[in-house]
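Take a look at the structure set out below.
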Amino acid sequence: MGRAAVDVLPVLILAGGAILLIFYVMFVPRALQPWSALGATLVLAAAGFASGWYLGRVPGITFFGTFAADRTWLWGTLIIIVVTALAAALSVEWFRTDARQGEYYVLLLLSALGAVLLAGAVDLMELVVAMLLSSVTGYTLTAYHRKSRAATEAGIKYYLIGALANGAMVYGIALLFGLSGGTSFADLEIGLVDADSTALIVGFGLVTIGIAFKLGAVPAHQWMPDVAQGAPAPAAAFVLVAGKVGALIVLMRLAIVLPESAVGWRPLVAVIAAATMTLGNLAALWQNDVRRMLGWSSVSQTGYGLLAVVAVGRSDLAVSSMLFFLAAYAMGNMAAFGVVVKLRGLTDRESFRGLGSTHPWLMGALVVSFLSFIGIPPLGGFAAKLLLMGAVIDAGYTWLAVLTVVNSAISLFYYARVMGPAYFDSAAEPRPVMGSLASWAVGIAVVAVVAIGVVAQPLASAWEGVTLLTG
Amino acid sequence: MLTTAIFVPLIVAAVTLAIPAKHAHLARPLAIVTSFVPLVVVGITWARFEIGDGLQLVESAKWIPSLGISYSVGVDGLSLPLVGLTALLFTVSMVFPFDDLGKSRPYYATFLFLEAISLGVFLALDLILFFVFWDLSLVGMYFLIGVWGHGDSQRSALKFFLYTLLGSLALLLGILGIYLYTEPRTFDMVEIIRTTPVPAGGVAATLIFLALGIGFAVKTPLVPFHTWLPPAHVDAPAPASTILAGVLLKMGTYGFIRISLQMLPETFQRFALPLGIVAVVSILYGALVAMAQTNLKRVIAYTSVNHMGYVILGIAAAGAIGSGSDASRSIAMTGAVVEMVAHGLITGALFLVSGSILARGGTYELDQYGGLAGRAPRLAGITMLAAFASLGLPGLAGFVAEFQIFAGTLGVYPWLAGIGLLGIVITAALFLRMIQQVFLGDLPVRWDDWRDLGRAELFALVPLAVLVIVIGVVPSWLIRVIDSFSQVVARG
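Chains as they are written, first to last, in the numbering used here: chain A, 11 to 481; chain B, 39 to 530.
Written as structure tokens, this is what we have:
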């Protein structure tokens, strides 16, 4: 037990830190509430250091076979922690006048914890716990402005779809448990070999619906645009990204243990990927609300990320392409939403006209994140797409790479609908902006987007042949 | 040394953006002076270039070794003339006087950025590095057209970006296809050209060739992938049109040679005839549609489609290993490369001239003009020189190129060469008609105070005109360098 606890130190730090922060928030006077942002950041920093330290001595499968503390998990955790810290930095001024702001940071930590647990889950029961922790906190973060109609509407939609998807997942888990006689992925790998293939694909399909909800993938993607548009912008940035990191990693782990011959899970994931990227792109095309557009573009990005899962086991690029994708997407999304936050939630496409000359730095950041989403080199998004497409071609799914190409070209259209007027139309009045903490967050995210592509060697060598354990 | 040609403009581009607003007028002189750095580098490179040594003056550094990606640049007989053309066209385009709408810092910064990127495309010896530069050229041109264009420039800029991005992503698929066949995995172009790793004859080779082909055909552009070109040219500012036609289109034809032909020689040979037929269609289609235009820039834009058709015809003939003699294929390749240089100089000059005409007359419509030869002899002289060079008058650069292309192609695909020659007849007719409309006949009264070319315009145009004549009269210095490349490729 003692050893198992040490193995998941980052998890313990996040959980313990969140609990301490609850007490702080409950007992200190209102004037001291804003310090809870700093408290959350310190917790994140400690968890981040712990994860970084474990990269040197990877614990492996631990906690009685339910948790994979491997390198992929550590990197996923680091991405989630950076995203959460950036979201916290973006939130400080946004929530300055909110009397309940302390609780917000507690929820942020707990939600990050849910995503971190998801990334390490190698047991169906643990998957459920992690999924629920991540989801429940997500609903609350989304509807945090309880007096805002848009926020509560987004929260309700998010919750309804989540309840349905999680219900489906639990039913699927029951099926898989019945078929294999165990809940750990190791049990699944052995127990499912001779399982009835129809029941197996139904069970996997239902579990996939639950994971697809976290990912924002078809058929449980509908909440993403609503949350992007309605939730408090810093919370939206976080909710869109953090869960996706955990969900993509756990989906890959689950896919590996399924018997390949009997079940068509690879074609199933391929179809989901194709549908997700295409639908997300087509729906984003004519959006006049920048945040909603970012929500749909996040859906399409999920579709690209799923390519890594399609290729897993068949291409040695699969895991590293997933990590590149998660890092580049996470940082790009934080930068884009960061710009929106910095402009005090500005979201009407028309009001971005001419901002290229009045806010050159902010628009520069927005353009870099957009170009990275499209996959323009040498940005992070390009490195990700290069590896993702390489992986699926390697795995014999060239058509998915072709579809990715077509979708990337289409996506240019809606990004250009914001980018073009910002630069090509004459200058507007300068917009009111948030303070320097938000600028720092945007700046860090943008530098990361560029660095993931330009200085890719340290990441590429760290992620080459990175381990992905399943128990 | 080649690295400085790329990175000095890139760094100065950033510096230009950082100039304080009250010193904004320094952006132009700073940019022009900087643009001489690549020119000097080209001069030194030309002097040190050893005929017959293949790729040389190579500079390389590790970039992402885990994925087989490196920073590697160098020149050979194919890229050196194109690098020279690029450096020259950027300098003259920046010298050419232009109303930058009070945004001179971003304008010249974008130009320097685009110059670095364009040089990078021709110098890169790593497929990913090549692709990085290739894709960034779209971003730079998108902003040039969108911000400083006229007419429906936002729409044209987006159309340009969308079409060419789709093309470049197809190219990326092709590059990935090649990469997955290398062992150990590498993007090193020299290594791939040496080993040609993709097995010939298979479905994979065909798919890779088609993906690359679509990528290059969009950029070149070949019919039917050309529809982005006319609006982009018409609405782009004149200096950007010069770069678009003179430099960016060459990236497509360069890619056909460097990647399609050199990395997949057997597959290229299988597809040489269809490619040649597409080229002839482009030649005739471009010429005929140009004939029907009433807008000066559209005329020049469509003659670009026509001229790039000649280039592709030459490349197709050169790549048809096994048909015709080595000598005729080599001549076709040399002709194609000379045509790339000649078209860059000639069309670059024509687009700059059209900018001068727009600045004075406010329209590109040909029927608004007439009789300008008497009022503006320098303008008329340079336009006519470029037009005659473009239609292939002996003694000028276009003739040297087209003569070699057709002489070479005759030895490989005689009937394709025969049909293609019709294109020259049509372009001759349309250029003569254009000259007649704009410069001859009666001068409309409202153009009575038409100004002839000013000093800055001449500084930009005269070097181009001189080179057109020099290449036309004594082409040996250029052909010697290109031949060193063509002969190797033609042997297969």
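C-beta: ideal position from N, C-alpha, C; glycine also.
The DSSP-derived three-state label of A/Glu439 is coil. Taking the Cα positions, B/Leu174 is about 7 Å away from A/Pro387. B/Phe263 is outside the set of residues whose beta carbon lies under 8 Å from a beta carbon in chain A.
Selection B/Ala99, B/Pro269, B/Ala339 evaluated against B/Lys197 yields B/Pro269 as nearest (Cα-Cα). Chain order gives the chain B residues near A/Leu422 as Phe199, Leu200, Leu203, where near means a beta carbon separation below 7 Å. Of all residues in the segment 423-443 of chain A, the ones placed with a Cβ closer than 7 Å to any Cβ belonging to chain B are Phe423, Ala426, Gly430, Tyr433, Phe434, in chain order. The residues Phe254, Ile353, in chain order, have a CB closer than 6 Å to that of B/Phe294 in the same chain once the five nearest residues on each side in sequence are set aside.
When the beta-carbon positions are compared, B/Ala528 and B/Thr385 stay at least 8 Å from each other. For the C-beta of A/Ala419, the chain B residues within less than 8 Å are, from N- to C-terminus, Leu200, Leu203, Leu204, Leu207. Taken in chain order, the complete alpha helix (DSSP H) segments of 4 residues or longer contained in the segment 98-184 of chain B are 117-133, 142-161. DSSP places B/Phe389 in the helix class (H, G or I) of the three-state scheme. Ranked by Cα distance from A/Leu333, the options A/Val309, A/Leu478, A/Ala99 are led by A/Leu478.
Relative to the Cα of B/Gly158, the nearest Cα in the group B/Ala356, B/Val170, B/Leu390 belongs to B/Val170. Along the segment 88-118 of chain B, the positions whose C-beta sits under 9 Å from a C-beta of chain A are Lys100, Trp101, Ile102, Pro103, Ser104, Leu105, Ile107, read in chain order.
A distance below 6 Å between beta-carbons, with the five flanking residues on each side excluded, links A/Leu422 to the following residues of its chain, in chain order: Ile384. Within the DSSP bridge table, the entry for A/Ser194 names A/Asp133 as partners. Shown here, B/Leu478 sits in coil according to DSSP, grouped into three states, outside any helix or strand.
If you check the CB distance, B/Ala439 and B/Glu495 do not come in under 8 Å. Of the residues assessed, B/Phe523 falls on the buried side of the cut-off, its CB having 16 or more other CB atoms within 10 angstroms. Taking B/Phe199 as reference, the option from B/His188, B/Gly189, B/Leu182 with the minimal CA-CA separation is B/Leu182.
Bounds of the beta strand (DSSP E) holding A/Gly70 are 70-72. Burial check for B/His61: the Cβ neighbour count within 10 Å stays below 16, so the residue is exposed.
Within the segment 461-477 of chain A, those residues whose Cβ lies closer than 8 Å to any Cβ of chain B are, in chain order, Ala466, Gln467, Ala470, Ser471, Glu474.
For A/Ala78, the uninterrupted beta strand (DSSP E) run begins and ends at 77-79, by DSSP. With contact defined as three or more Cβ pairs closer than 8 Å, the segment 407-423 of chain A and the segment 441-449 of chain A are not in contact.
In this model, B/Ala154 and B/Asp486 are separated by some 42 Å (Cα to Cα). When 8 Å is used as the limit between beta carbons, B/Tyr217 is near these residues of chain A: Gly400, in chain order. The segment 304-317 of chain B and the segment 355-364 of chain B touch, with no fewer than 3 CB-CB distances between them shorter than 8 Å. In chain order, Leu211 make up the part of chain B whose C-beta sits under 7 Å from the C-beta of A/Ala411. Scanning its chain for C-beta atoms nearer than 8 Å, with the 5 sequence neighbours on each side dropped, one finds around B/Asp480 the residues Gly408, Gly409, in chain order. Within the segment 136-218 of chain A, complete alpha helix (DSSP H) segments of at least 4 residues are found at 159-190, 195-201, given in chain order. For the segment 169-181 of chain B, the set of residues with a beta-carbon nearer than 9 Å to any beta-carbon of chain A comprises Phe169, Val170, Phe171, Trp172, Asp173, Leu174, Leu176, Val177, Tyr180, Phe181, in chain order. Following the DSSP letters along the chain, one finds B/Val75 inside the alpha helix (DSSP H) bounded by residues 65-86. Using a CB distance cut-off of 8 Å, B/Leu267 does not count as an interface residue toward chain A.
In the DSSP assignment, B/Glu221 is bridged to no other residue. A/Glu270 carries a coil assignment under DSSP once its states are collapsed to helix, strand and coil.
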